[in-house]
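Colleague: Pasting a structure here, questions to come.
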Amino acid sequence: MMVDVPVAEVAEVELYHAKSYWTKYVFSQDAKVIAIQYGGTAVAIGLVGLVLSWLMRLQLGFPDTFAFIDATDYYQFITVHGMIMVIYLLTALFLGGFGNYLIPLMVGARDMVFPYLNMVSYWVYLCAVLILVASFFVEGGPTGAGWTLYPPQSITEGTPGSEGGIILMLVSLALFIIGFTMGGLNYVVTVLQARTRGMTLMRLPLTVWGIFVATILALLAFPALFVGCIMMTLDKLLGTSFFMPEMISLGQQLEYDGGSPILFQHLFWFFGHPEVYIVALPAFGIVSDLLAVHARKNIFGYRMMVWAIVIIGALSFVVWAHHMYVSGMHPYFGFFFATTTLIIAVPTALKVYNWVLTLWHGDIHLTQPMLFSLAFLVTFINGGITGLFLGNVTVDVPLSDTMFVVAHFHMVMGIAPLMVVFGAIYHWYPKITGRMLHEGMGKFHFWVTFLGAYTIFLPLHYIGLQGVPRRYFEFGDTAFIPDSVTTLNAFVTVVTLTVGFAQIVFFYNMWRSYKHGKVAGDNPWGATTLEWQTAETPPGHGNFGEELPLVYRWAYDFSVPGAKNDFIPQNMPPGPDTNNH
Amino acid sequence: MIVAIGLLVVLVGTVLFHVYSPWWWTPIASNWGNMDDTILLTFWITGAVFIAVMLFMVYCIYKFRHKEGRVAHYEPENTKLEVWLTSITAVGVAAMLAPGLIVWNDYVTVPEDAVEFEAIGQQWSWTFRLPGEDGKFGTVSMKDMNPDNPFGMSADDPNGQDDVLIEEDEMHLLKDQPIKALLRSVDVLHDFYVPQFRAKMDMVPGTVTYFWLTPIRTGEFEILCAELCGVGHHAMRGTVVVDEQEAYDEWLSDQATYAELVEEARIRKENETRLAMN
Amino acid sequence: MGIFHHLTRKPWLPEQSEIDNQVSGGAVALQTAKVGLRVFLFPISALFTLFLIAYLMRMSFSDWQTLHDPWLLWINTAVLVLSSLALQRSRMLVDGGEVTGMRTYFMLGGVFAFAFLGGQLAAWQQLADMGVYADTNPSHSFFYLFTALHGLHLLGGLVAWGRTVFKIKAGVDVEHLRLSVELCTIYWHYLLVVWVVMFGLLLAT
Ligand code: HEM
Ligand SMILES: [Cu+2]
Ligand SMILES: [Cu+2]
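Chains as they are written, first to last, in this note's numbering: chain A, 3 to 583; chain B, -15 to 262; chain C, 56 to 260.
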């Protein structure tokens, strides 16, 4: 059945045009350039975080060996590493990087709706990153309060960086939040308002859904961190007592009185838990699309996938205190938060089922993006399962603050999203540069990274179960910790370094393929979504050439019975070749 | 093919690692065996899911890998299947949550016959206090804390006179006696953690937190701090010794009460003044 | 609920496709800038709400002392109301195409807003004269914090106001001005509501 489709009537927006090299590549307002800037900066600071993790691992694997790492350094390393990885790398990369690149292209827009704001967003983010780095060079170094920054210790003597470092950290976070809010407005309003004709919400690729909902979460959750940062800064600088109780610090009675450290924890985790999903939801979305494209099959249960993203996003605001079971908050909260936390597991599990069911009767191409998607599934299932341990309040009591927690969150929000990041880079690199990444190097990179990362974190669960605490500079001779733990730690460190250095192959691959890779063409994977249907590759300014694409179908018309090809692009009108209408 | 085998190796390796892991929980020394049981239950349920989903994945990758001429099915959704999966998952989750909540209820409900002791954390050591014969703690305040009065006892509180003050980092507990640990901190957050007891809880300056347990075997156990509390966090150690009645009494008789300590200090001071006058 | 109904549609069905093909991309029939402002008000609301919650939680601790609100706040509130009213008036005028009248009221709104900020500073001075500083008691800390934060948001609004004034001076066309005036007005009303809620809370506790 044919439908008469009226000619395109998409309102064209006035497009900003760069006039000089500076405004084209540096102070650019083109979302694609901003995406690269965000991504590059995030990866750069992420490498700092990675090097810090090596230093920490060196200390854990070979205690008493490296004179240049003392306890002060160690605590500073874990803090900055944690903060970088969660916020400055993953949040910035998924939303600022992939969000900026993919949203306008995937919804069929020429650019973000507020390009100027978008540009400012990046520069504010860059400032935040630089201030964070600067904290290494101030007196006393960066803060060593742990990425959770709990007061009172974060601002009192006895914690590294309690003079300058913590202030720079708080300022940097505040800036990050301001910058993010500018970008976030763009992502949300672009998805709401700038879709091309025919692109209904339920035709959006899941990538957009994931980024969209994650952005909403971030817009609502980051204010909590902002509030905490401001109040803590005042406690530190003006001597207010928002969070600071009466206390004697290293023999000295401080001026503070009556404040509540637990209030900060509530604020922090009201942000901190949604933050986990701010990282996870874009990964969920992206991996759904990678699986569908490379298994040549529609994502299984698209509607359920959308609902799950929305439900998980909403529920993530009522589970925060599962990080505080043993914080001394009212014990009855435990009942409520354990229940909500385990409820959230149901939609999450459903997503997992739908991902693996997408493979069922697929036509699975084991490309790099597919491999990394599979690695995501393995690590995410593993990490999700240990989440059920820690969310279930009783089980959390013995496990909290042990290596089990470290292993859990690395698996679920460190490794799993990183696998998606890699998969996404292999998938979209051809669109961004016009060239394919080298496959052999990709395979090597995949196996070393996936097996290595899994090997690093799997055993840590078990020493955590044994009781080995986290955030310990060294274990000394603790009676219950056997020598085998030391051996294991050394082994894990060696694997860490191996995995770390294997990334050189990945970066070399990106660098080399940029010039010498196989020319990709417009749509090398046979994907349906709009970013693959651009007139040029890489897409030019304005994304779509003369006319915006019109959308005639959902994003998952793969292997449609009777169609000529095993994919039908979203902008292909019904006709003899599609044969599904 | 290689990928399917690779993932199978990961699965088998994980299971074997779990079974043969030399690292497992320490032999328990408290009544919180039911925490271990909930962990085991969770391992079983989630382990089954892990194995099932992984096997399914491996099978799919093997069976449906790309070959010339393979065409994927077109199947947008299958509501019946999704409803089934949701229900089964919900049942599994409930099966873990219910026991969890029951044990938590135990954990936060202190039995009537529990006796109290106080553990106090400071950067980076532990001290302890027992309520003494009257079973009541004297009031303390930070304002009164000084090197002569490290616990900040108020001199004129009758309840405090017989409080037993333990200024070393070793504490003794009586086997089979339910105890309620009252946790305080002088400076920053700490966390009283003895792996063999399973229980733990943060110590928060400005408030008193608690948990309870019954030691079930004698022995010496290390106390660790489980809340990052500054550069000395990893070195903040103490010892708790679980004794039979006799040994416990002996230990207790060696400890000084607040009144005794005050008296001692007074005599020392007198001697010093006398020496100085001579 | 439209959106939830929307989410139940099956986009792969041909019947659904025919409907979807005709749908234009915008979710709301509003200018993009207005949608942007509205979306922006959500994180701002989250921010102020969280402060209020923190206030209420912190209040329950024993060291809390009731704050003696400076009487000046009443006057300031009135000035802020006037500011909002003036902007509202200028918005109505610009809708009717009366550019001159709009200009007067728009300026007036900004002047009142500046007066409000001056008044808030004076209120701080009143408190400081009473020997009440930010670290005197948490209730005072919150007072200074709230007013500062609200003031900063208003100041941000005044930047937008200033740019609009600039545009008016430069004689930008009415269509363009109307949008700017409307955005300012919405934001002003919003900040008025925030202030009234905060002031009410300060009075009530
Ligand atoms: C292979 C790469 C990585 C290695 C080897 C690694 C290693 C470590 C180590 C050794 C610690 C300190 C554990 C302790 O002493 O308590 C740590 C902490 C942490 N890591 Fe990683 N990490 C890696 C990647 C990541 C990623 C991708 C994330 C992103 C979510 C991440 C997030 C964190 C966080 C949040 C902490 C806690 C910091 C704190 O305790 O305050 N890590 N990591
Ligand atoms: Cu959480
Ligand atoms: Cu401690």
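We treat Cβ as the ideally placed atom computed from N, Cα and C, and that holds for glycine. Predicted, not measured: the structure shown is a model, and the values here were computed from it.
Starting from Q106/B, trace the beta strand (DSSP E) both ways and give me its first and last residue.
Modeller: Element bounds for Q106/B: V99 to Q106.
Colleague: In this structure, how does DSSP classify I587/A when only helix, strand and coil are distinguished?
Modeller: Coverage of chain A is limited to positions 3 through 583, which leaves residue 587/A absent and any answer about it impossible.
Colleague: Collect the residues with a C-beta less than 5 Å away from any heavy atom of ligand 3 and give them in sequence order along the chain.
Modeller: Those satisfying the condition are, in chain order, H174/B, C209/B, C213/B and M220/B.
Colleague: Please list the partners that P225/A has in chain C, where partner means a Cβ-to-Cβ separation under 7 Å.
Modeller: Near P225/A (Cβ distances below 7 Å), the residues of chain C are P98, A101, L102 and L105.
Colleague: Any idea which residues DSSP pairs C209/B with across the strands?
Modeller: Beta-bridge pairing links C209/B to F176/B.
Colleague: In chain order, what residues of the same chain lie with their CB nearer than 8 Å to the CB of H410/A, ignoring the 5 residues before and after it?
Modeller: Within the same chain, H410/A has close Cβ partners G385, T388, G389, F391, L392 and H463.
Colleague: Give me whichever residues DSSP pairs with M187/B in a beta bridge.
Modeller: M187/B pairs with H174/B.
Colleague: Pick helix, strand or coil for M80/B, following the three-state DSSP scheme.
Modeller: Three-state result, M80/B: helix.
Colleague: Ligand 2 heavy atoms versus the CB of H268/A: any closer than 6 Å?
Modeller: It does not: the Cβ of H268/A is nowhere closer than 6 Å to a heavy atom of ligand 2.
Colleague: Return no unless some Cβ of chain A is closer than 7 Å to the Cβ of A183/C.
Modeller: It does not: the Cβ of A183/C has no partner Cβ on chain A nearer than 7 Å.
Colleague: Could you tell me whether the Cβ of M56/C comes closer than 7 Å to any Cβ of chain B?
Modeller: Caution applies to M56/C, whose pLDDT of 46 falls short of 50 and renders its modelled position unreliable; the value that the coordinates give is listed next. No, because no Cβ of chain B sits closer than 7 Å to the Cβ of M56/C.
Colleague: Check each residue of the region 193 to 206 of chain C: if its Cβ is closer than 9 Å to any Cβ of chain A, include it; give the result in chain order.
Modeller: So the close ones are P193, H195, S196, F197, Y199, L200 and L204.
Colleague: Along the region 60 to 81 of chain B, what residues have a CB closer than 9 Å to any CB found in chain C?
Modeller: Hits within the stretch, in order: P60 and E61.
Colleague: May I have the straight-line CA-CA distance separating G90/C from V191/A, to the nearest angstrom?
Modeller: The residue asked about is misnamed: residue 90/C is Val in this sequence, not Gly. Looking at the two C-alpha atoms, the distance is approximately 7 Å.
Colleague: Below 7 Å between beta carbons: does that hold for L132/A and A189/C?
Modeller: Not closer than 7 Å, so no.
Colleague: If you follow the beta strand (DSSP E) that K21/A is in, where does it begin and where does it stop?
Modeller: Where K21/A is concerned, there is no enclosing beta strand (DSSP E), given that its DSSP letter is neither H nor E.
Colleague: So is Q254/A buried or exposed if we call it buried at 16+ other beta carbons inside 10 Å?
Modeller: Exposed, since its Cβ has fewer than 16 Cβ neighbours within 10 Å.
Colleague: Locate the alpha helix (DSSP H) running through S123/A, then write down its first and last residues.
Modeller: Counting along the chain, the alpha helix (DSSP H) containing S123/A begins and ends at P117 to A136.
Colleague: If you measure from the beta carbon of G528/A to each beta carbon in chain B, is any gap under 7 Å?
Modeller: By this cut-off, G528/A is not an interface position.
Colleague: Pick from T242/A, D479/A, M114/A and Y327/A: whose alpha carbon is nearest that of L208/B?
Modeller: Of the candidates T242/A, D479/A, M114/A and Y327/A, the one whose C-alpha sits nearest the C-alpha of L208/B is D479/A.
Colleague: Give every residue of the same chain whose Cβ lies closer than 6 Å to the Cβ of G261/A, excluding the five residues on either side of it in the sequence, and list them in chain order.
Modeller: Contacts found: S243, F244, F245, M246 and P247.
Colleague: When you compare each of A377/A, F68/A and T530/A to A(-12)/B by their alpha carbons, which one comes out closest?
Modeller: Nearest of A377/A, F68/A and T530/A to A(-12)/B, Cα basis: A377/A.
Colleague: If you compare alpha carbons, which of F135/B, G122/B, G136/B and N133/B is closest to T144/B?
Modeller: Correcting the residue identity first, residue 144/B is Gly in this sequence and not Thr. The candidate whose alpha carbon is nearest that of G144/B is G122/B.
Colleague: Would you tell me roughly how many angstroms separate the C-alpha atoms of T260/C and W322/A, rounded to the nearest one?
Modeller: Taking the straight line from one Cα to the other gives about 28 Å.
Colleague: Run through the region 374 to 461 of chain A for me and flag every whole alpha helix (DSSP H) of 4 or more residues, listed as ranges in chain order.
Modeller: Those alpha helix (DSSP H) runs which fall completely within the region 374 to 461 of chain A and span 4+ residues are 395 to 401, 405 to 411 and 418 to 435.
Colleague: Going along chain A, which residues have a C-beta under 8 Å from H60/C?
Modeller: Correct list: empty, because the minimum Cβ distance to chain A is about 11 Å.
Colleague: Between the beta-carbon of T108/A and the beta-carbon of E533/A, is there less than 7 Å?
Modeller: It is worth fixing the name first, because residue 108/A is Met in this sequence and not Thr. Closer than 7 Å, so yes.
Colleague: Can you determine whether any heavy atom of ligand 2 sits closer than 6 Å to the C-beta of H275/A, and answer yes or no?
Modeller: Answer for H275/A: yes, Cβ within range of ligand 2.
Colleague: Between which two residues does the alpha helix (DSSP H) holding W28/B run?
Modeller: Segment G17 to K47, the alpha helix (DSSP H) holding W28/B.
Colleague: Is DSSP giving E204/B helix, strand or coil here?
Modeller: Correct three-state label for E204/B: strand.
Colleague: Using three-state DSSP, classify R233/C as helix, strand or coil.
Modeller: Of the three classes helix, strand and coil, the one that applies to R233/C here is helix, per DSSP.
Colleague: Report the rounded CA-to-CA distance for P8/A versus M157/C, giving the unit in angstroms.
Modeller: Residue placement at P8/A is poorly supported in this model, since its pLDDT is 42, which falls under 50; the coordinates still yield a value, given next. Answer to the nearest angstrom: the Cα atoms are 42 Å apart.
Colleague: In the DSSP assignment, find the unbroken beta strand (DSSP E) run with W129/C in it and report its ends.
Modeller: That residue, W129/C, is in no beta strand (DSSP E); its alpha helix (DSSP H) goes L127 to D150.
Colleague: Helix, strand or coil for V124/B, going by three-state DSSP, please let me know.
Modeller: DSSP places V124/B in strand when its eight states are reduced to three.
Colleague: Return yes when at least one heavy atom of ligand 1 lies under 6 Å from the C-beta of W271/A, else no.
Modeller: Every heavy atom of ligand 1 is 6 Å or more from the Cβ of W271/A, so no.
Colleague: For D227/B, which residues does DSSP report across the bridge?
Modeller: The partner list for D227/B (beta bridge, DSSP) reads L158/B.
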